[in-house]
Amino acid sequence: IHLEVCPTCNVQINLFQTHADHPIQQLYEAGLSVGINTDSRAMTPVTLSEEYHKLQQTFGWNSEQFLRCNRNALAAAFIPETEKNLLRQRLESGYMEFR
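Quick note, in my numbering, the sequence shown goes up one by one and the last residue is 466.
As structure tokens, then:
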């Protein structure tokens, strides 16, 4: 099971008081398949970069955590394996350039 997590939206709709209260860190540490998302831009006007920044500020996440989450999301995507393989190569290449 893959969890698509939208931290800012979850705070906005009062599921959690603050980002620090969000259980994404515990989910991640428990080894669950977690992906980071923005939800509907009409409902929550936040970019994926802003979500990443908030996770970095709140939990000290770095490129390793974000890469794992993106790998998880790609593995859970409902697309053919050939497309997953192409996207996986691009993902890994992009993160290698970032380091």
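Positions of the beta carbon are idealized from the N, C-alpha and C atoms, including for glycine.
Spatially closest choice to residue i from the options, by CA coordinates
i: S400; options: H420, A409, L441 and L422; result: L441
i: I391; options: N381, Q384 and I403; result: I403
i: Q393; options: R408, L415, Q432 and T449; result: Q432
i: S430; options: E448, L370, C373 and E464; result: E464
i: A397; options: L415, E450, H369 and A443; result: H369
i: A387; options: E459, E371, L454 and G427; result: G427
i: Y395; options: E459, N439, S460 and P447; result: N439
i: P371; options: A409, H420 and A444; result: A small correction: the amino acid at residue 371 is Glu; Pro does not occupy that position in the sequence shown. Considering only alpha carbons, the answer is A444.
i: A409; options: Q379, H420 and S460; result: Q379
Sub-7 Å separation of residue i and residue j beta-carbons
i: L434; j: Y462; result: yes
i: T411; j: T375; result: yes
i: N377; j: H389; result: yes
i: V413; j: T405; result: yes
Burial state of residue i (16 or more Cβ within 10 Å)
i: T418; result: The sequence given here places Glu at residue 418; Thr does not occur at that position. It is buried - the Cβ of E418 has at least 16 other Cβ atoms within 10 Å.
i: Q456; result: exposed
i: N452; result: exposed
i: N437; result: buried
DSSP bridge partner residues for residue i (one or two, in chain order)
i: H369; result: S400
**Request:** Would you mind listing the alpha helix (DSSP H) stretches within the segment 374-417 that are 4+ residues and don't spill past its ends, in chain order?
**Result:** 374-379 and 391-396, all fully within the segment 374-417.
**Prompt:** If you scan the segment 417-454 from start to end, which runs of the beta strand (DSSP E) of 3 or more residues do you find wholly inside it?
**Reply:** DSSP runs (the beta strand (DSSP E)) wholly in the segment 417-454: none.
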